[in-house]
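Step one of this worksheet: look at the structure below.
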Amino acid sequence: MIAAEDLEDIKRSTGVRVDNGEHRRNLITRGIDLESLSGKQFQVGQAILEYDRPRPPCSYIQSITQPGMTRALVGHSGICARVIESGLIQDEDTIEIL
Numbered sequence: 013m014i015a016a017e018d019l020e021d022i023k024r025s026t027g028v029r030v031d032n033g034e035h036r037r038n039l040i041t042r043g044i045d046l047e048s049l050s051g052k053q054f055q056v057g058q059a060i061l062e063y064d065r066p067r068p069p070c071s072y073i074q075s076i077t078q079p080g081m082t083r084a085l086v087g088h089s090g091i092c093a094r095v096i097e098s099g100l101i102q103d104e105d106t107i108e109i110l
């Protein structure tokens, strides 16, 4: 998971544009501090997820995108979440802490 606000901040502060999919995260969120989910389970659509850890950027990203991508994502690369219960997630689904 990665926050849309972080992607926008990366572009503003570094000039690196992170297009959809280049960040290699499954979900883009808006309006929630992903770190606030630490230690919690939450529901997105029909799926139940659990915060796992911050997601560091991998060096592979830069090899498939553009120079500077890995460095740009440091501190803005989102989180990993464990799937507790699978389910359909759609655009505009909200995140609800359980």
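Each number in the numbering used here corresponds to the 1-based position in the sequence shown with 12 added. Where a beta carbon is used, it is the ideal one built from N, C-alpha and C, also for glycine.
- Message: Given a cut-off of 7 Å on the beta-carbon distance, is the pair residue 1 and residue 60 in contact?
- Response: Absent from the structure is residue 1, since the part of the chain shown begins at 13 and ends at 110.
- Taking the C-alpha atoms as reference points, what is the distance between residue 44 and residue 15? 8 Å
- Message: Pop quiz: residue 108 and residue 58 are said to be a contact at Cβ under 8 Å. What is the actual Cβ separation, rounded to whole angstroms?
- Response: No, residue 108 and residue 58 are not in contact; Cβ-Cβ is about 12 Å, not under 8 Å.
- Contacts around residue 99, its chain only, beta-carbon distance under 8 Å, and the 5 residues preceding and following it disregarded: Non-local C-beta neighbours of residue 99 in its own chain, meaning closer than 8 Å and more than five positions away in sequence, comprise 57, 58, 59 and 60, ordered along the chain.
- Query: The alpha helix (DSSP H) spanning residue 17 covers which residue range?
  - Reply: 16-26
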